[in-house]
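Following our numbering, the numbering of the sequence shown begins with 0 at its first residue and continues without gaps.
Working notes, beginning with the structure itself.
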Amino acid sequence: MSKPLDSETLVKEVSKMLRDMYPDDETALDSVSRRADPFKVLIATILSHRTRDEATRVASDNLFTLYSSARELAEADPKQIEQLIRPVGFYRVKAKRIIEVSKIISEKFGGVVPDEFEALMSLPSVGRKTANCVLVYGFGKPALPVDTHVHRISNRLGLVSTKTPEETEEALKKVIEKKYWVKINDLLVKFGQQICKPLKPRCELCTLKPFCHFYNQKSRSISNSKNSSTNSDRIHH
Ligand code: SF4
0 MSKPLDSETL
10 VKEVSKMLRD
20 MYPDDETALD
30 SVSRRADPFK
40 VLIATILSHR
50 TRDEATRVAS
60 DNLFTLYSSA
70 RELAEADPKQ
80 IEQLIRPVGF
90 YRVKAKRIIE
100 VSKIISEKFG
110 GVVPDEFEAL
120 MSLPSVGRKT
130 ANCVLVYGFG
140 KPALPVDTHV
150 HRISNRLGLV
160 STKTPEETEE
170 ALKKVIEKKY
180 WVKINDLLVK
190 FGQQICKPLK
200 PRCELCTLKP
210 FCHFYNQKSR
220 SISNSKNSST
230 NSDRIHH
């Protein structure tokens with residue numbers, strides 16, 4: 000059985016691993032979070048859907064050089080926006096969406112990004128993860144954005160046992176102390192990109208092994224299969 004993991008140990012161990020391995024690394028959303036402009040966080044997060052961090056960073060920088068508010072972007076030429084955000088996947092659809100979102104913010108919310116979860120969720124292309132990102136990085140409110148990395152790692156560690164990121168968000172909120180919500184998201188995204196990868200987790204480098212449900216199960220099944228092949232060798236010799 001793996002040991003239960005508490006919030007503080009999780010934050011401490013993951014921070015240490017990442018600091019040791021990649022002292023200067025940052026994700027696209029980190030750079031957005033430092034800007035702390037809710038409009039930019041919202042638009043960059045929409046651009047980041049199904050897109051690599053580097054492409055999101057380039058597209059966001061291109062876009063925000065020319066458009067820095069909802070009112071400006073609401074009036075933009077879609078063709079120009081497509082060219083500016085071309086590095087991201089689905090750039091044509093996203094160009095339309097971010098103009099549409101900007102129009103709604105201008106007309107319905109007086110040009111100001113709303114700071115309430117439900118209001119954010121009412122915008123097109125905004126799901127739970129995006130709404131939570133805006134609350135956390137744009138407004139500094141406690142929320143827990145859950146993407147595929149956070150969902151996968153939380154289940155591997157045995158912190159939760161869930162099928163969807165939405166279920167993971169709810170379950171994690173019960174086991175992670177509120178003061179760590181914001182940090183956990185940032186850390187687990189980097190941890191998932193660099194150590195606990197989707198297909199080949201680098202468990203040999205990971206100090207969370209003693210707590211990890213997935214690792215302990217894998218070790219047990221390797222040792223069981225070794226034992227059964229040793230027994231079968233004995234029978235056949
Ligand atoms: S031990 Fe392996 S599977 Fe478990 S958290 Fe670490 S890297 Fe991920």
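By construction, the Cβ of each residue, glycine as well, lies at the ideal position given by its N, Cα and C atoms.
Neighbourhood of residue i by C-beta, 7 Å cutoff - its chain only, sequence neighbours within 5 removed
| i | result |
| --- | --- |
| H212 | S1, R155, L156, G157 |
| S160 | N154 |
| K177 | P141 |
| L119 | P113, V125, A130, V133 |
Closer than 7 Å: residue i CB and nearest the ligand SF4 heavy atom
| i | result |
| --- | --- |
| L156 | yes |
| P200 | yes |
| F89 | no |
| K11 | no |
| L171 | no |
| I194 | yes |
| I183 | no |
| I152 | yes |
| L17 | no |
| L207 | yes |
Residues near residue i in its chain [Cβ-Cβ closer than 6 Å; skip 5 each side]
| i | result |
| --- | --- |
| I175 | S6, I183 |
| A58 | L46, I84, P86, V87 |
| T167 | V145, H150, S153, V159, T161 |
| P3 | none |
Rounded distance between the beta-carbons of residue j and residue i, thought under 8 Å
| i | j | result |
| --- | --- | --- |
| I104 | V112 | 6 Å |
| I152 | C195 | 5 Å |
| P141 | W180 | 5 Å |
| M20 | C205 | So it is not a contact: roughly 11 Å between Cβ atoms. |
| T55 | A43 | 6 Å |
| P123 | V100 | 6 Å |
The ligand GTP heavy atom lying under 7 Å from the CB of residue i
| i | result |
| --- | --- |
| F213 | Only the ligand SF4 can be found as ligands here, which leaves the ligand GTP out of the picture. |
Sequence-distant residues of the same chain with beta carbon closer than 8 Å to residue i, five excluded per side
| i | result |
| --- | --- |
| F190 | V13, M16, L17, H148, I152 |
| T164 | As written in the sequence, residue 164 is Pro, which differs from the Thr given in the question. Correct list, in chain order: R127, K128, V145, D146, T147, V149, H150. |
Enumerate, from N- to C-terminal direction, the unbroken beta strand (DSSP E) stretches of 3 or more residues contained entirely within the region 85-171. none
If you scan the region 178-218 from start to end, which runs of the alpha helix (DSSP H) of 4 or more residues do you find wholly inside it? 180-193
Within the region 1-25, ranges of the beta strand (DSSP E) (whole runs, at least 3 residues): none
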